[in-house]
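First residue of the sequence shown: 2, per my numbering; consecutive thereafter.
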Amino acid sequence: MSGKENGQLLKENEVFFKRVEERLKEMTEAQKDEWILTQARLLMQEEQEDFLKTLSGRKKLRYMPEEEEIEEFCRKVEDGEIVLEYETHYYEFDDDGRYMDDWKIWHNDPDGAMLFLDRVFMGCHELLRLGEHETAAGVLDRVCRLEFQIVEAEDSEDGPEEDVFSIVDAAKEGMLSMKRKDIGLDWLIAEAGCAGAGRAAAGDIRHTARRLKEILEHEMCEGINPEALLGKGFPEGIFSEMSTLLEKEIAEGRAEFDRRFSGQDYSREMHMAQETLRRKRELASNIRYRCMQPSPLQQTEGGLADIWEQVGELADQVAYRRSSNDKWQTEEIVKLCRSLLDRDGLGQEDWKLRKQVLADMAAHGYYSSLDFYEAFSALSERLCTKPEEYLEYAEILEKSNSSDNRRKAAYLYLQYGKGDKYAAWREQNLWKSGKEYGELIAYYEEHGRTDDARRVAEQCLKNCRDDLTDAFIFLLRDARKNNETEKYQKLYASAKRRKGADFTRIYLALETGR
């Protein structure tokens, strides 16, 4: 839901609440009692006890388990009294009868734990709507960290590889009604609401910042960033304190990573350490760019090197995830590129630096498939100002692993006087496109390489079905020029038959010489 839609919904809710308040003022005590009794008569028998608890104030929500029930549930999970079952079977064919030759794995819930958790998570969501942040935060902090013990199902054909199964794992497998991100967002907002209510102001801002940071680093909050906390009424300095904590941990984490894994082969432990650092960097970047004033974008008085360093950091984050959660990084990258494009004198920056930026873009082929490609493309066009610079850029592109980059290099070579390099590339990339053949034929003809033009035109008629017109025009003119009457007649007849040739255009070209 967008901010505008959310604001409209809040206004509609306020109107509704006012109407309810007005109606309650109009009702007599007897009318209120009768309304409550009517609701009670409509209840199922299993709902009656919970209804009484809401009347007495013991519960805010009828369907949500009490805190004592939740604590007992957590204890049973931790003690292994409530478990999940691992079950796997080999299948030769899938449900649609297609050959599969693979194993299917799932988890059974013999104790109904997920149904209980659904009531807990939905209840916490409603508690937030009621402003009960403290209660929701306490419950979510307890429940989101649970890990179930795994036992092998009686009919399973193999045993589990892992001993535990987290709440996050359950959310990933779709065992819960709420999505993982929604649960994580509720957890974060609940803790933020506690701080906004004055707990952090009365106590330690650093403690609150650390709590929020820890929640954001939890797997349940993957894809959620600190900007989700904007507008929650924090005491001043929360984001700054979070940023300070993260930057310190990033520096310490890098040093520890180098100490532990320097010279070692890639391992699971190394991967986990990299993931931890990556997430901390992502959180720190989001705070810097989206939550603090002035943002790095507002401090772009530095040169090309400073801004490009920021772009590279954000681009690497996007390339790693490539999900809808990366929109903020993409937006900031485009802003940074535009800030460079709006500057005078970009082409006067030291060529060594500009060349390094171009090399960086070329080396990261994934840039071309991301949403900021247009901004990068516009920037690359401004970084070269002289023919010799364009040719050096072409050399960089030519050496990259991207076919798009090599294509761009070829056309730069053509534009700036090294057509032989263009021709060599085009010879290797004709595919079965008559249009591409025609382009090379025109180049060879223009540069007096008639034999090469003839060879390519003949290959075009042999290998292609479409866009044959240019090949026929060249070969017919060439045959007429060389007085090869028989060859001319055969080509003329073939041009009239081939569907991929525009004979009207061929006829006019032969008659007018154009």
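Beta carbons are placed, not taken as given, at the ideal position from N, Cα and C, and that holds for glycine.
None of the values given here were measured: they were computed from a predicted structure.
Expressed to the nearest angstrom, what Euclidean distance is found between the alpha-carbon atoms of residue i and residue j?
| i | j | result |
| --- | --- | --- |
| His208 | Leu217 | 14 angstroms |
| Met28 | Leu43 | 21 angstroms |
| Asp206 | Arg289 | Position check: residue 206 holds Ile in this sequence, whereas Asp was assumed. One C-alpha to the other measures close to 18 angstroms. |
| Ala316 | Asp170 | 29 angstroms |
| Lys356 | Leu384 | 8 angstroms |
| Leu246 | Ala285 | 9 angstroms |
| Val312 | Phe240 | 22 angstroms |
| Gln349 | Asp453 | 42 angstroms |
| Gln275 | Glu332 | 25 angstroms |
| Glu375 | Glu382 | 11 angstroms |
| Ser157 | Gln330 | 45 angstroms |
| Ala235 | Lys19 | According to the sequence as given, residue 235 is Phe; it is not Ala. Roughly 28 angstroms between the two C-alpha positions. |
| Tyr445 | Asn484 | 21 angstroms |
| Lys173 | Leu186 | 15 angstroms |
| Glu135 | Trp188 | 11 angstroms |
| Asp80 | Tyr100 | 42 angstroms |
| Arg63 | Leu131 | 14 angstroms |
| Ile397 | Asp142 | 52 angstroms |
| Leu305 | Arg282 | 22 angstroms |
| Asp103 | Asp97 | 14 angstroms |
| Ala137 | Glu270 | 34 angstroms |
| Thr89 | Gly160 | 8 angstroms |
| Lys54 | Glu13 | 30 angstroms |
| Lys60 | Thr39 | 20 angstroms |
| Arg211 | Glu67 | 28 angstroms |
| Arg260 | Glu163 | 29 angstroms |
| Leu118 | Leu347 | 57 angstroms |
Quick test of your reading: residue i and residue j, contact by CB under 8 angstroms. State the CB separation rounded to the nearest angstrom.
| i | j | result |
| --- | --- | --- |
| Leu413 | Arg427 | Wrong, their Cβ atoms sit about 13 angstroms apart, outside the cutoff. |
| Ala496 | Phe504 | 6 angstroms |
| Gly254 | Leu278 | 5 angstroms |
| Met221 | Ile251 | Actually they are not in contact, since the Cβ atoms of Met221 and Ile251 sit about 22 angstroms apart, beyond 8 angstroms. |
| Leu477 | Leu462 | Between Leu462 and Leu477 the Cβ distance is about 11 angstroms, and since that is not below 8 angstroms, they are no contact. |
| Tyr423 | Ala411 | 5 angstroms |
| Glu82 | Ala154 | That pair is no contact at about 18 angstroms. |
| Ile151 | Val78 | So it is not a contact: roughly 12 angstroms between Cβ atoms. |
| Tyr438 | Tyr417 | Wrong, their Cβ atoms sit about 24 angstroms apart, outside the cutoff. |
| Leu469 | Gly435 | 5 angstroms |
| Ile71 | Val121 | 6 angstroms |
| Arg291 | Glu248 | So it is not a contact: roughly 16 angstroms between Cβ atoms. |
| Ala458 | Ala443 | In fact, because the Cβ distance is near 10 angstroms, the residues do not count as touching under 8 angstroms. |
| Cys75 | Leu129 | Going by Cβ atoms, the distance from Cys75 to Leu129 rounds to 20 angstroms, so no, they are not a contact pair. |
Please classify residue i: is it buried, with 16 or more other beta-carbons within 10 angstroms of its beta-carbon, or exposed?
| i | result |
| --- | --- |
| Trp36 | exposed |
| Ile507 | buried |
| Asn406 | buried |
| Lys500 | exposed |
| Met362 | buried |
| Arg498 | exposed |
| Gly113 | exposed |
| Lys328 | exposed |
| Ala518 | The chain is shown from 2 up to 515; residue 518 falls before or after that span and cannot be answered. |
| Leu56 | exposed |
| His448 | exposed |
| Met176 | buried |
| Tyr489 | buried |
| Ile106 | exposed |
| Lys433 | exposed |
| Gln294 | exposed |
| His272 | exposed |
Where does residue i sit, in a helix, a strand or coil, going by DSSP?
| i | result |
| --- | --- |
| Trp309 | helix |
| Glu237 | coil |
| Lys19 | helix |
| Leu278 | helix |
| Glu218 | helix |
| Glu174 | coil |
| Leu85 | strand |
| Gln460 | helix |
| Ser404 | helix |
| Asn287 | helix |
| His448 | coil |
| Leu469 | coil |
| Pro66 | coil |
| Lys77 | helix |
| Met179 | coil |
| Arg59 | coil |
| Tyr417 | coil |
Taking only beta-carbon atoms, is residue i less than 7 angstroms away from chain D?
| i | result |
| --- | --- |
| Glu70 | Here there is only one protein chain, and chain D is not present. |
Segments of 4+ residues assigned as alpha helix (DSSP H) that fall wholly inside the region 311-391: 328-342, 352-364 and 374-384
Entirely within the region 27-51 and at least 4 residues each: give me those alpha helix (DSSP H) ranges in chain order. 30-42
In the region 89-169, which residue ranges form an unbroken alpha helix (DSSP H) of at least 4 residues, counting only runs that do not cross its ends? 114-130 and 134-144
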